[in-house]
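Notes follow the structure.
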């Protein structure tokens with residue numbers, strides 16, 4: 135039961151991310167123009183054939199499968215870490231990363247690229263477009279960093295013999 139909530143979080147991230155990507159694809163099927171939402175945020179449609187920030191972008195036919203294999207290897211390692219985790223913060227961080235990573239792998243295997251649609255900017259500078267899976271991965275990594283910098287303090291009780 136200790137893994138029920140983190141697994142539910144992973145599944146929730148995956149389902150929500152896939153649903154929002156399908157919605158973005160449907161909205162932009164008619165027009166590829168950006169949709170302004172606020173003075174610093176647009177909805178756009180972008181397909182990332184690389185990893186974060188478009189790194190290792192390749193048009194080679196095998197590239198999506200190689201990147202998916204690397205990601206699935208990392209997912210397997212994170213799943214083992216989650217299984218062994220005793221910390222709630224760590225478990226939820228790992229679960230968020232797993233849900234986001236698996237969702238992006240699904241995109242890569244289906245389309246050869248990850249669908250991105252969130253575009254934040256200041257003036258003419260645009261942060262690379264991203265999606266909800268990327269946000270979950272970022273939040274999961276932040277939780278892991280938080281846990282490593284400020285771990286829960288353990289209260290130790292003195293032994294009866296020490297009295």
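Residue numbers (our numbering): 135 to 297. Cβ coordinates follow ideal geometry from the N, Cα and C atoms, glycine included.
Residue i (DSSP reduced to helix, strand or coil)
i: residue 238; result: helix
i: residue 137; result: coil
i: residue 222; result: helix
i: residue 272; result: helix
i: residue 165; result: coil
i: residue 251; result: strand
i: residue 199; result: helix
Spatial distance of residue i from residue j (CA atoms)
i: residue 265; j: residue 143; result: 17 Å
i: residue 169; j: residue 259; result: 17 Å
i: residue 182; j: residue 246; result: 9 Å
i: residue 159; j: residue 275; result: 28 Å
Proximity of residue i and residue j at Cβ, strictly below 8 Å
i: residue 175; j: residue 254; result: yes
i: residue 147; j: residue 237; result: yes
i: residue 242; j: residue 201; result: yes
i: residue 240; j: residue 152; result: yes
Proximal residues to residue i (C-beta, below 8 Å), its chain only, five neighbours per side dropped
i: residue 277; result: 223, 224, 226, 227 and 230
i: residue 288; result: Bear in mind that a pLDDT of 48 at residue 288, under 50, signals an unreliable position, so the model cannot answer this.
i: residue 281; result: 221, 223, 224 and 227
i: residue 154; result: 251, 265 and 266
i: residue 166; result: 179
Whole-angstrom C-beta distance between residue j and residue i, which should lie under 8 Å
i: residue 285; j: residue 216; result: Contact doesn't hold; Cβ gap of about 17 Å is too wide.
i: residue 203; j: residue 232; result: Wrong, their Cβ atoms sit about 16 Å apart, outside the cutoff.
Closer than 8 Å to chain B by CB, residue i
i: residue 236; result: Looking for chain B here will not work: only one protein chain is present.
Cβ neighbours of residue i in the same chain (closer than 6 Å, five flanking residues each side left out)
i: residue 162; result: 179
i: residue 234; result: 147, 267, 270 and 271
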